[in-house]
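S.K.: These protein sequence lines are chains A and B, in that order. No gaps in the numbering here: position 131 of the first sequence is 131 in the UniProt record's numbering, and each next residue is one more. No gaps in the numbering here: position 112 of the second sequence is 112 in the UniProt record's numbering, and each next residue is one more. The following block contains the structure, expressed as structure tokens.
Number of protein chains: 2
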Amino acid sequence: MEPNHEPSSDSYAADIASIRRAQVRIEPFAHKTPVLTSKTLDSISGRKLYFKCECFQKGGAFKFRGACNAVFSLDDDQATKGVVTHSSGNHAAALALAANLRGIPAYIVIPKNAPKCKVENVKRYGGQVIWSEPSMESREEIANKVLNDTGAVLIHPYNDGCIISGQGTISLELLEQASEIDTLIVPISGGGLISGVALAAKAINPGILILAAEPLGADDAFQSKINGRITKLSEVNTIADGLRAFLGDLTWPIVRDLVDDVIVVDDDEILQAMRLCYEILKIAVEPSGAIGLAAVLSDSFKKNPSYCECNNIGIVISGGNVDLGVLWNLRGRDPR
Amino acid sequence: MEPNHEPSSDSYAADIASIRRAQVRIEPFAHKTPVLTSKTLDSISGRKLYFKCECFQKGGAFKFRGACNAVFSLDDDQATKGVVTHSSGNHAAALALAANLRGIPAYIVIPKNAPKCKVENVKRYGGQVIWSEPSMESREEIANKVLNDTGAVLIHPYNDGCIISGQGTISLELLEQASEIDTLIVPISGGGLISGVALAAKAINPGILILAAEPLGADDAFQSKINGRITKLSEVNTIADGLRAFLGDLTWPIVRDLVDDVIVVDDDEILQAMRLCYEILKIAVEPSGAIGLAAVLSDSFKKNPSYCECNNIGIVISGGNVDLGVLWNLRGRDPR
């Protein structure tokens, strides 16, 4: 059994070796997700795009990779008492599913304002839902109470070496599926996904460009990169409910060193990208999942110095857990 | 160059040999579409389900397979004058795209009530749209006028050996992707899709069960099988805009002989299946495309004599060209 923060040669919380071990560990459980392409979107963007569709991952999002790696990294004594987390949704469902597969309890603290479909996923996978107020303080307080009551292990949604390693398996798959990729665009929130993806991708191809896609209303990573330190925001406001978290002390060093730039897009650009995912790619994508496409189509990307270096762009479609109502909002913004 | 109605050993309009030739012909152009599975839907249906996702085919529907085979079967002299068809949508877009790939004109007669997204697909692929009234008489009259004016070749949406052969390539792929499949559920309208799928599947595995899925408001295949002859309806009424055509003289003998049964479902069952495709499978599916899932979940299937013989069911998700408004209808039928 490895500690959750396994040591690495770079002093990061994960490395290519821990990511390769994660791949072996989760392989019996996780889907190898398909890569979709579209001549229409290539034509719109002026680039060749490869969509790594984690909306087809178990639980409907990439989060299952990290959660599965974390749960199956626990030794039997730890595992018996179960796992606990507080999450806005996809990590919660993923952890419930992974715990279910191992046959251990999952205690999931969920803020009352979480999207209904995400809460239903947690219940469907056998997780025990414990409600909190929306604030991070309330979520942490309730999670700590559960920890004390049960002796379960806290599995943080992103600030955790096993989680980062699990998410990094995306790069191992994607760069095998489309080795011509020279750029990856990855949603950024707490940084677990992009940290794993960047560590693995740069180990395989040191010249690969890693771009983060971040909503304007929660652009803490953009600010952090400018300021050279973790910068939290006093409030966040974006439709992308999966991208409201801030960088952690384990993800920040990786984001600082390995993420080449952050592309910031607004909610309208995200909604337009959701529509294109639906109408052109034929996939159900949550707002957070569509942000990579929003970024590649944005004016700010076209003005970015890296724009001319990108030819074959891998875009991580991070998840597809979306209430139908969000699509109605899309429709309401367009008279057709 | 083969004639469009190539002779076959069975005196059907196509056979396994013509389908294998079609596979070679379209391979440089068509996507090999992924097969999705879902433990949740397996659990709801009580069967192991394999979804062959033709919504990810070029043009957003299986129709590209047949259209591509037909267009690339033309000799150069024929091809130069272009192709013409009248279609409610997906065949039209597919033919426009295939013609575009060969660099020849495509004249597309479209009824004025066709879904907007399907018309846009035709235009996007460079097809020349010619409007008709919704009636079949008007569509045929206008198509004949175009034929006379241009000398183009009429490519019928389904009553055509090359079209049937192209659609049959789905079985070649699917039974390689999931050889354990013992049953196929396939949407039926004019019968081009299910004819090709049945011919190829029964050639590979004579014991495989072929079930058609048909909307209650356009159940001409169900009636035809009962009556032992092509039975047209005086009117059709279903949300599944791709399933309103009647069997043709080339598809009927194949449907009569090789389709084991027809499962009839109503529009509410189709809408519910669309919702499940969206929320569980994370794919955008048009009503016609969701009917296979509707069938496998229907009470009439559970009462069907073949129900107990089915364990591993391949479901052809025929297309994903859907206006967002249809999803709003879904939402309107459920208060959540």
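Beta carbons: idealized from backbone N, C-alpha and C, even for Gly.
#1: For a cutoff of 8 Å on Cβ pairs, would you count residue 337 (chain A) as touching chain B?
#2: Would you decide whether residue 337 (chain A) is buried or exposed? Buried here means 16 or more other CB atoms lie within 10 Å of its CB.
#3: Lysine 81 (chain A) versus chain B: which residues are under 8 Å apart at the beta carbon?
#4: For the beta strand (DSSP E) containing alanine 213 (chain A), name the first residue and the last one.
#5: Can you pull the chain B neighbours of glycine 60 (chain A), defined as C-beta to C-beta under 7 Å?
#6: Could you check whether glutamate 140 (chain B) and histidine 91 (chain B) sit closer than 8 Å to each other, using their CB atoms as the reference points?
#7: For asparagine 311 (chain A), does the three-state DSSP call read helix, strand or coil?
#8: Along chain B, in chain order, which residues have C-beta atoms closer than 9 Å to that of cysteine 68 (chain A)?
#9: At the 8 Å Cβ level, is tyrosine 278 (chain A) part of the contact set with chain B, yes or no?
#10: Hey, how far is the Cα of isoleucine 263 (chain A) from the Cα of alanine 221 (chain A)?
#11: Give me the Cα-Cα distance between aspartate 334 (chain B) and glutamine 23 (chain B), rounded to the nearest whole angstrom.
#12: Please list, in chain order, all residues of the same chain as cysteine 117 (chain B) whose beta carbon is under 8 Å from its beta carbon, the five residues on each side excluded.
#13: Would you kindly report the start and end of the unbroken beta strand (DSSP E) that includes leucine 97 (chain A)?
#14: Hey, out of A:Ala114, A:Ala96 and A:Ser18, whose CA is closest to arginine 244 (chain A)'s CA?
#15: With DSSP run on the structure shown, which of helix, strand or coil describes serine 73 (chain B)?
#16: Checking contacts by CB at 8 Å: is leucine 36 (chain A) closer than that to chain B?
#17: Verify the contact flag: isoleucine 44 (chain A), CB atom, against every heavy atom of the ligand FMN, threshold strictly below 7 Å.
#18: Strictly under 8 Å for the Cβ-Cβ distance: is phenylalanine 51 (chain B) near chain A by that measure?
#19: Can you tell me whether cysteine 55 (chain A) is buried or exposed? The criterion is at least 16 other CB atoms within 10 Å of its CB, across all chains shown.
#20: How would you list, in chain order, the residues of chain B whose beta-carbon sits under 8 Å from the beta-carbon of threonine 40 (chain A)?
#21: Quick one: which unbroken beta strand (DSSP E) runs of 3-plus residues sit fully inside the stretch 93–179 of chain B? Chain order, please.
#22: Would you say phenylalanine 56 (chain A) reaches chain B, if we count a Cβ-Cβ gap shorter than 8 Å as a contact?
#23: Can you give the Cα-Cα distance for aspartate 160 (chain A) and alanine 99 (chain A), rounded to whole angstroms?
#24: Between which two residues does the alpha helix (DSSP H) carrying lysine 303 (chain B) extend?
#25: Tell me the residue span of the alpha helix (DSSP H) that contains aspartate 42 (chain B).
#26: For residue 339 (chain B), count neighbouring Cβ atoms within 10 angstroms of its own Cβ and tell me buried if that reaches 16, exposed if not.
#27: I'd like to know whether the C-beta of glycine 320 (chain A) is nearer than 8 Å to at least one C-beta of chain B.
#28: Take proline 105 (chain B) and list the residues in its own chain whose beta-carbon comes closer than 6 Å to its own, dropping the five residues that flank it on each side.
#29: Please confirm whether cysteine 117 (chain B) has its beta-carbon closer than 8 Å to some beta-carbon of chain A.
#30: Among the residues of its own chain, which have a CB less than 6 Å from the CB of glutamate 269 (chain B), if the five just before and after it don't count?
#31: Between threonine 183 (chain B) and glycine 314 (chain B), which are expected to be in contact by the criterion C-beta below 8 Å, what is the C-beta distance as a whole number of angstroms?
#32: With DSSP as the reference, identify every bridge partner of aspartate 261 (chain B), one or two as the case may be.
#33: Apart from the five residues on each side of it in sequence, which residues of its chain come closer than 6 Å, Cβ to Cβ, to serine 171 (chain A)?
#34: Here's the rule: buried if 16 or more other CB atoms are within 10 angstroms of the residue's CB, otherwise exposed. What is residue 355 (chain B)?
M.R.: The answer reads as follows:
#1: Because chain A in this structure spans residues 1 to 336, residue 337 (chain A) falls outside the shown range and cannot be described.
#2: Lying outside 1 to 336, the shown extent of chain A, residue 337 (chain A) is not represented and no answer is given.
#3: As a first step, residue 81 (chain A) must be located in the first sequence, where it is residue number 81. Chain B residues near lysine 81 (chain A): none, gap ~26 Å exceeds 8 Å.
#4: On the first sequence, residue 213 (chain A) is found 213 positions in, with the first residue counted as 1. Counting along the chain, the beta strand (DSSP E) containing alanine 213 (chain A) begins and ends at 209–215.
#5: In the first sequence, counting from the first residue as 1, residue 60 (chain A) sits at position 60. The answer, in chain order, is Lys282.
#6: Residue 91 (chain B) sits at position 91 when you count from the first residue of the second sequence. Residue 140 (chain B) sits at position 140 when you count from the first residue of the second sequence. The answer is no: Cβ separation not under 8 Å.
#7: Here the question's residue 311 (chain A) lines up with position 311 in the first sequence. Coil at asparagine 311 (chain A), not helix or strand.
#8: Position 68 of the first sequence, counted from the first residue, corresponds to residue 68 (chain A). Chain B residues near cysteine 68 (chain A): none, gap ~14 Å exceeds 9 Å.
#9: Counted from its first residue, the first sequence places residue 278 (chain A) at position 278. Chain B, which has a Cβ nearer than 8 Å to the Cβ of tyrosine 278 (chain A), makes this yes.
#10: Translated into positions along the first sequence, residue 263 (chain A) becomes position 263. Translated into positions along the first sequence, residue 221 (chain A) becomes position 221. One C-alpha to the other measures close to 10 Å.
#11: As a first step, residue 334 (chain B) is located in the second sequence; it is residue number 334 there, counting from the start. As a first step, residue 23 (chain B) is located in the second sequence; it is residue number 23 there, counting from the start. Note on aspartate 334 (chain B): pLDDT 46, under 50, position unreliable in the model; the coordinate value appears next. Distance between the alpha carbons of aspartate 334 (chain B) and glutamine 23 (chain B): 43 Å.
#12: Residue 117 (chain B) sits at position 117 when you count from the first residue of the second sequence. Hits under 8 Å: Asn321, Val322 and Asp323.
#13: Residue mapping note: residue 97 (chain A) aligns to position 97 of the first sequence, counting from 1. Unbroken run through leucine 97 (chain A) is the alpha helix (DSSP H), 90–102; no beta strand (DSSP E).
#14: Reading the first sequence from its first residue, position 244 is the one you call residue 244 (chain A). Comparing Cα-Cα distances from arginine 244 (chain A) to each of A:Ala114, A:Ala96 and A:Ser18, the minimum goes to A:Ala114.
#15: Against the second sequence, residue 73 (chain B) aligns to sequence position 73. Three-state result, serine 73 (chain B): helix.
#16: The residue you call residue 36 (chain A) lines up with position 36 of the first sequence. Yes, its Cβ sits closer than 8 Å to a Cβ of chain B.
#17: As presented, the structure is devoid of all ligands, the ligand FMN included, so that no description of it is given.
#18: By one-based count along the second sequence, residue 51 (chain B) stands at place 51. Not closer than 8 Å to any Cβ of chain A, the Cβ of phenylalanine 51 (chain B) fails to qualify, so no.
#19: On the first sequence, residue 55 (chain A) is found 55 positions in, with the first residue counted as 1. It counts as buried.
#20: Mapped onto the first sequence, residue 40 (chain A) falls at position 40. The contacting residues are Arg124.
#21: 106–111 and 128–132
#22: One-based indexing of the first sequence puts residue 56 (chain A) at position 56. Taking Cβ atoms only, chain B reaches closer than 8 Å to phenylalanine 56 (chain A), which makes this a yes.
#23: Indexing the first sequence from 1 puts residue 160 (chain A) at position 160. Indexing the first sequence from 1 puts residue 99 (chain A) at position 99. Those two C-alpha atoms are separated by around 17 Å.
#24: As a first step, residue 303 (chain B) is located in the second sequence; it is residue number 303 there, counting from the start. From DSSP, the alpha helix (DSSP H) with lysine 303 (chain B) extends over 299–303.
#25: The residue you call residue 42 (chain B) lines up with position 42 of the second sequence. Segment 39–45, the alpha helix (DSSP H) holding aspartate 42 (chain B).
#26: There is simply no residue 339 (chain B) to check, as chain B begins at 1 and stops at 336 in what is shown.
#27: What you label residue 320 (chain A) is simply residue 320 of the first sequence in a count that begins at 1. Yes, glycine 320 (chain A) counts as interfacial toward chain B.
#28: On the second sequence, residue 105 (chain B) is found 105 positions in, with the first residue counted as 1. Same-chain partners within the cutoff: Gly82.
#29: Translated into positions along the second sequence, residue 117 (chain B) becomes position 117. Judged by the 8 Å Cβ criterion, cysteine 117 (chain B) is in contact with chain A.
#30: The count along the second sequence starts at 1 and reaches residue 269 (chain B) at position 269. Ala294 and Ser298, listed in sequence order.
#31: Taking the second sequence and counting its residues from 1, the one referred to as residue 183 (chain B) is at position 183. Taking the second sequence and counting its residues from 1, the one referred to as residue 314 (chain B) is at position 314. That pair is a contact at about 7 Å.
#32: Mapped onto the second sequence, residue 261 (chain B) falls at position 261. In DSSP, aspartate 261 (chain B) forms a bridge with B:Leu211.
#33: Your numbering for residue 171 (chain A) matches position 171 in the first sequence. Same-chain partners within the cutoff: Val197, Ala200 and Ala201.
#34: With chain B covering only 1 through 336, there is no way to say anything about residue 355 (chain B).
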